[in-house]
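Asker:
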Amino acid sequence: MTATSAAAAFDPFYLVLPDADWIDRLVPLGLRLVQLRAKSDDDAHLRSEIRRARDVCSRHGCTLVVNDHWRLAIEEGADTLHLGQEDLETADLASIRGAGLRLGLSTHDEAELETALRAEPDYVALGPIWPTILKVMPWAPQTPARLATWRRRIGALPLVAIGGLTVARAPEVFAAGADIAAVVTDVTLASDPEGRVRDWLAATHIDRCDR
1386 MTATSAAAAF DPFYLVLPDA DWIDRLVPLG LRLVQLRAKS DDDAHLRSEI
1436 RRARDVCSRH GCTLVVNDHW RLAIEEGADT LHLGQEDLET ADLASIRGAG
1486 LRLGLSTHDE AELETALRAE PDYVALGPIW PTILKVMPWA PQTPARLATW
1536 RRRIGALPLV AIGGLTVARA PEVFAAGADI AAVVTDVTLA SDPEGRVRDW
1586 LAATHIDRCD R
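Numbering (my numbering), first residue to last: 1386 to 1596.
Here it is as structure tokens:
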């Protein structure tokens, strides 16, 4: 399988959103890949968020990625699961695979990449490519040059760039070898989130009609 054919399983624009309200608001604009990164200790609330997000995504032909909560992702029939390195240590990969979920993994350095590859993920994410305001990171910005290194290391696996991405920076990460641009605050903190989503769709889907 070539990198191009493997990456075709995922849309090149990957929007990460904090709750089902955001997903309900933005997925109908034409999103095809969205992550629910819900932060809560309440399983009932998380289950409700996943169900709402799943149903919206199902109606609009959008792949739903659930962040971290692998048991609920299995139980609620999510498409894909994304895990950080700490969550990977405690996740039941056999159960995840047995449920048919695709798996994406975060990486920030060479050791984490080796760990991720042993888990045989469906995509690998590298970040932060540029400084990010989303959260305090113990890692320096990776830079697009690191994407090129990861591209060589992971072969045909889809490569996700995340951290500090903007529409203007998108061509640089794709030129460096990324298949997918993952975005959080560039949309959620924009004065016009809908307009920013349309900008991203235009930048990553040049053959898509205007919406």
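Note that CB positions come from ideal geometry on N, CA and C, so glycine has one too.
Just verifying my parser: in three-state terms, what is the DSSP assignment at S1433?
Answerer: Correct three-state label for S1433: helix.
Asker: Put Q1527 into one of helix, strand or coil per three-state DSSP.
Answerer: Of the three classes helix, strand and coil, the one that applies to Q1527 here is coil, per DSSP.
Asker: Note down the Cα distance separating L1416 from E1499, rounded to an integer number of angstroms.
Answerer: Rounded to whole angstroms, L1416 to E1499 spans 31 angstroms at the Cα level.
Asker: Which residues does DSSP pair with V1545 in a beta bridge?
Answerer: V1545 is bridged to A1510 and I1565.
Asker: DSSP on V1357, reduced to helix/strand/coil?
Answerer: Here the chain covers residues 1386 to 1596 and nothing more, so residue 1357 does not appear.
Asker: Taking the alpha-carbon positions, what's the R1602 to P1543 distance?
Answerer: In the structure as shown, the chain starts at 1386 and stops at 1596, and residue 1602 therefore has no counterpart that could be examined.
Asker: Where does the unbroken alpha helix (DSSP H) through G1489 begin, and where does it stop?
Answerer: No alpha helix (DSSP H) contains G1489, which is instead part of the beta strand (DSSP E) from R1487 to T1492.
Asker: Whole angstroms are fine: how far does the CA of A1429 sit from the CA of A1388?
Answerer: With a pLDDT of 46 at A1388, under the threshold of 50, the modelled position of this residue cannot be trusted, and the question is left open.
Asker: For P1506, tell me which candidate among I1547, H1454 and L1490 has the shortest Cα-Cα distance.
Answerer: The residue with the shortest Cα to Cα distance from P1506 is L1490.
Asker: Run through DSSP, which three-state label would H1445 get?
Answerer: Residue state, collapsed to three classes: helix.
Asker: Closest to L1402 by C-alpha separation, out of F1395, H1445, L1449 and S1433, would be which residue?
Answerer: The shortest C-alpha separation from L1402 is found at L1449.
Asker: Starting from T1475, trace the alpha helix (DSSP H) in both directions and tell me its first and last residue.
Answerer: Here the alpha helix (DSSP H) through T1475 covers Q1470 to T1475.
Asker: Buried or exposed: where does R1581 fall if 16 or more other Cβ atoms within 10 Å of its Cβ makes it buried?
Answerer: Buried, since its Cβ has 16 or more Cβ neighbours within 10 Å.
Asker: Comparing C-alpha positions only, which one of E1434, G1483 and G1485 sits nearest to D1404?
Answerer: Among E1434, G1483 and G1485, the Cα nearest to that of D1404 is on E1434.
Asker: Please report the straight-line C-alpha distance between I1518 and D1571, rounded to a whole angstrom.
Answerer: Answer to the nearest angstrom: the Cα atoms are 10 angstroms apart.
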